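Notes follow once the structure below has been shown.
Residue numbers (the working numbering): 1 to 162.
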């Protein structure tokens, strides 16, 4: 089970929270305000005991679905480290593309990764979320690299010299 305890931050557009995993690992984060976990009233339990989340009434994609994925990824990583191999990320270099807070990367560092590189093409999310999440988890500058540019430019940067 992944628990997210969120509280509103001073900035209306962002939220402070703590991701608590079953292993007991806690990761503090700053995320966009739409990432606040759904209230219990927004989900229902079916007869088999599964909690079903009500679909958004808004047209288009539901921003919660994107955010929900980062929790699920951390849950899956936590499960893999606990029950399959505790060396999953030990000594590895991790590249994270697309999640705005760096939660999977912080998880990797706390489980022995050597270095993380985080990519975003959104400078506001980089400054407000990723850097704050790294700071709150006491991630040292030597342990990470943050790249803010388009994915195409990032791809060129990462290509080996020809």
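C-beta: ideal position from N, C-alpha, C; glycine also.
Predicted model, so just to flag it, every value in this text is computed and none were measured.
- Taking C-beta atoms as the reference points, residue 99 and residue 74 fail to come closer than 7 Å.
- The criterion of a C-beta distance shorter than 7 Å is satisfied by residue 29 and residue 133.
- In this structure, the CA atom of residue 148 is about 13 Å from the CA atom of residue 95.
- Shown here for residue 129: same chain residues with a beta carbon closer than 8 Å to its own, the five before and five after excluded, namely 14, 29, 30, 31, 32, 100, 101 and 102 in chain order.
- Comparing C-alpha distances from residue 76 to each of 91, 104, 135 and 35 shows the shortest one belongs to 104.
- Taken in chain order, the unbroken stretches of beta strand (DSSP E) that lie wholly in the region 124-158 and span 3 residues or more are 144-148.
- Residue 88 places its beta carbon 7 Å or farther from that of residue 143.
- Of the candidates 150, 135, 139 and 137, 150 places its Cα closest to the Cα of residue 123.
- Within the same chain, Cβ atoms closer than 8 Å to the Cβ of residue 23 are found at 78, 81 and 82, the five residues on either side in sequence being excluded.
- Between residue 93 and residue 17, the alpha-carbon positions lie close to 26 Å from each other.
- Per DSSP, the beta-bridge partners of residue 14 are 32.
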